[in-house]
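Quick note on numbering: UniProt numbering labels position 182 of the sequence shown as 182, and the sequence is numbered without any gaps. C-beta: ideal position from N, C-alpha, C; glycine also.
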Amino acid sequence: MMLSRVTTRLASRNFLRLSSTAIPKTQKGVIFYEHGGKLEYKDLEVPKPKPNEILINVKYSGVCHTDLHAWKGDWPLDSKLPLVGGHEGAGVVVAKGANVNNFEIGDLAGIKWLNGSCMACEYCEQGNESNCAEADLSGYTRDGSFQQYATADAIQAAQIPKGTDLAEIAPILCAGVTVYKALKESNVKPGQWVAISGAAGGLGSLAVQYAKAMGMRVLGIDGGAEKKKLFDSIGGNHFIDFLETKDLVSAIQEATNGGPHGVINVSVSEKAIGQSVEYVRPCGTVVLVGLPAGAVVKSSVFNHVLKSINIRGSYVGNRHDTREAIEFFTRGKVKSPIKVVGLSQLPEVYKLMEENKIVGRYVVDTSK
Ligand code: 8ID
Ligand code: ZN
Ligand code: ZN
Numbered sequence: 001m002m003l004s005r006v007t008t009r010l011a012s013r014n015f016l017r018l019s020s021t022a023i024p025k026t027q028k029g030v031i032f033y034e035h036g037g038k039l040e041y042k043d044l045e046v047p048k049p050k051p052n053e054i055l056i057n058v059k060y061s062g063v064c065h066t067d068l069h070a071w072k073g074d075w076p077l078d079s080k081l082p083l084v085g086g087h088e089g090a091g092v093v094v095a096k097g098a099n100v101n102n103f104e105i106g107d108l109a110g111i112k113w114l115n116g117s118c119m120a121c122e123y124c125e126q127g128n129e130s131n132c133a134e135a136d137l138s139g140y141t142r143d144g145s146f147q148q149y150a151t152a153d154a155i156q157a158a159q160i161p162k163g164t165d166l167a168e169i170a171p172i173l174c175a176g177v178t179v180y181k182a183l184k185e186s187n188v189k190p191g192q193w194v195a196i197s198g199a200a201g202g203l204g205s206l207a208v209q210y211a212k213a214m215g216m217r218v219l220g221i222d223g224g225a226e227k228k229k230l231f232d233s234i235g236g237n238h239f240i241d242f243l244e245t246k247d248l249v250s251a252i253q254e255a256t257n258g259g260p261h262g263v264i265n266v267s268v269s270e271k272a273i274g275q276s277v278e279y280v281r282p283c284g285t286v287v288l289v290g291l292p293a294g295a296v297v298k299s300s301v302f303n304h305v306l307k308s309i310n311i312r313g314s315y316v317g318n319r320h321d322t323r324e325a326i327e328f329f330t331r332g333k334v335k336s337p338i339k340v341v342g343l344s345q346l347p348e349v350y351k352l353m354e355e356n357k358i359v360g361r362y363v364v365d366t367s368k
């Protein structure tokens, strides 16, 4: 009697807990087989969650510039191939592994860049999970959210409150969390100036809003009338068009009465990063977020010392940053400036991104 009970329990642990709606065997997704190769919209196998994972029926996924880097393969970090990209996926939990206790079938959940980590090293212990050597990255070291069904480590998956608009929250899962963390790292206080370089892109347009919600005055730098229009509409204080401004450093220092107290670099431009080191206010902080391929940041030692500036890198955010970034969104303090297109149109979005023509964030609807 006892033995059969134990056997039954063990046997049931090996089964996934499934949703009432049937999970198909195949699904639509976008996959590429080599870097820069064809982005194929096709039928893919539905992945199975491991004991510590949930299976999410992804409804919407944001398209981050990181996805473009992953496809091009222009970073010194190996990705898996073939690869399904995407790491801003929002959807519904449809199955879970036997060890998952923090999600139920039917809950809303989000796929982030950091899909999982060892949770045992010194970085994980301190809440710096993205710096873990074992970090497992959605849409990079494992297949991501550009498919209708994707798996996520239940510990790292984002908890999304019931009733949330899944298309609008999608960009918060990477862009929102990343800029929120970067703004905290900048140490800019309420009433002080922060400059957002790349202010009308996916990360930038959220950075402007988080900064406002945190009480900062925001100077935005980007190029073109459409970008200025978006910046003004989301509450930015002063816009500098880098395509039209001759002496950018002086213009920014003048507009902020001596330079911004902090700079968030979210452009994909080595030149812009170099300029930020020059225009930042004495004792201010330059935060590096954007990752232009092969870029190096140069800072004159004399300038660096006499102005006593800080230059620091900021890499996504941890679970707590995620929770807080989602709360800002849920409370209506930040809105996602999104354009929704079908998943099958992903190659066109990549093209626009490459030409720097994206204003705000594109989100793909996985049903189309
Ligand atoms: O954790 C991280 N550090 C992290 C997380 C997520 C994304 C880093 N990223 C990186 C991406 O890999 C990418 O390199 O941040 C960068 C920006 O991602 P994004 O916001 O998704 O890219 P976007 O929507 O294309 O926006 C870039 C903006 O920069 C502007 C463009 O016009 C665009 O609006 N820009 C460029 I390119 N050159 C500029 C310049 N010289 C510029 N703006 C001002 N000055
Ligand atoms: Zn991203
Ligand atoms: Zn670790």
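Are the beta-carbon atoms of residue i and residue j separated by less than 8 Å?
i	j	result
Thr220	Pro190	A small correction: the amino acid at residue 220 is Gly; Thr does not occupy that position in the sequence shown. Against a cut-off of 8 Å, the Cβ pair of Pro190 and Gly220 comes out as no contact.
Gly274	Val297	yes
Leu166	Val289	no
Val218	Ala225	no
Thr151	Leu55	yes
Thr322	Val177	yes
Ala293	Trp75	yes
Ala109	Ile169	no
Tyr140	Ser205	no
residue 376	His320	Since the displayed the chain opens at 1 and closes at 368, residue 376 lies outside it and no answer follows.
Val188	Val179	no
Lys112	Leu343	no
His87	Ser138	yes
His35	Gly73	yes
Glu129	Ser117	yes
Gln148	Thr366	yes
Pro260	Val277	no
Gly174	Cys283	Note that residue 174 is Cys in the sequence shown here, rather than Gly. No. Outside cutoff.
Arg361	Pro49	no
Ala133	Ile326	no
Gly223	Leu243	yes
residue 377	Val30	Because the chain here runs from 1 to 368, residue 377 falls outside it and cannot be looked at.
Ile264	Ser186	yes
Asp232	Phe239	yes
Quick one: is the Cβ of residue i within less than 7 Å of any heavy atom of ligand 1?
i	result
Gly202	yes
His304	no
Cys132	no
Leu230	no
Ala272	yes
Leu219	no
Gly236	no
Thr366	no
Met216	no
Gly223	yes
Phe242	yes
Indicate, with yes or no, if ligand 2 has a heavy atom lying under 7 Å from the CB of residue i.
i	result
Ala157	no
Trp113	yes
Thr141	no
Ala135	no
Thr66	yes
His87	yes
Going by Cα to Cα distance, which pick from the options is closest to residue i?
i	options	result
Lys42	Tyr362, Leu346 and Tyr350	Leu346
Gly97	Leu81, Phe239, Tyr33 and Ile155	Ile155
Phe32	Val340, Arg142 and Ala22	Arg142
Gly198	Val249, Ile358, Glu348 and Cys124	Ile358
Asp241	Phe328, Cys124, Ile196 and Gln209	Ile196
Lys181	Phe328, Gly163 and Leu352	Phe328
Val287	Asn102, Leu77, Leu183 and Asn52	Leu183
Leu230	Thr245, Thr330, Asp247 and Ala207	Ala207
Ala295	Arg281, Ser269 and Met353	Ser269
Asn52	Cys174, Asn102 and Gly317	Asn102
Asp153	Asp232, Asn99, Ile172 and Lys351	Asn99
Gly317	Ile234, Asn115 and Phe146	Asn115
Thr26	Val341, Pro47 and Lys38	Pro47
Lys227	Asn356, Glu254 and Ala22	Asn356
Val266	Phe146, Leu81, Glu348 and Ala200	Ala200
Taking 7 Å as the line, does the beta carbon of residue i fall inside it for any heavy atom of ligand 4?
i	result
Tyr123	Annotation note on ligand 4: not contained in the displayed structure, which lists ligand 1, ligand 2 and ligand 3 as its ligands.
Any chance the CB of residue i is under 7 Å from a heavy atom of ligand 3?
i	result
Ser79	no
Ala109	no
Cys174	no
Met119	yes
Start-end ranges of the alpha helix (DSSP H) lying completely within the segment 140 to 186, minimum 4 residues:
166 to 169 and 175 to 186
Stretch pair the segment 90 to 110 + the segment 58 to 65: three plus CB contacts closer than 8 Å
Verdict: yes, contact present.
Does the segment 336 to 352 come into contact with the segment 298 to 318, if we say contact requires no fewer than three beta-carbon pairs (one atom in each stretch) closer than 8 Å?
no
Unbroken alpha helix (DSSP H) runs of length 4 or more, entirely within the segment 59 to 135: which are they?
65 to 72 and 122 to 125
Start-end ranges of the beta strand (DSSP E) lying completely within the segment 19 to 58, minimum 3 residues:
26 to 31 and 40 to 45
Hey, which unbroken runs of the beta strand (DSSP E) at 3 residues or more fall wholly within the segment 208 to 287?
217 to 222, 238 to 241 and 262 to 265
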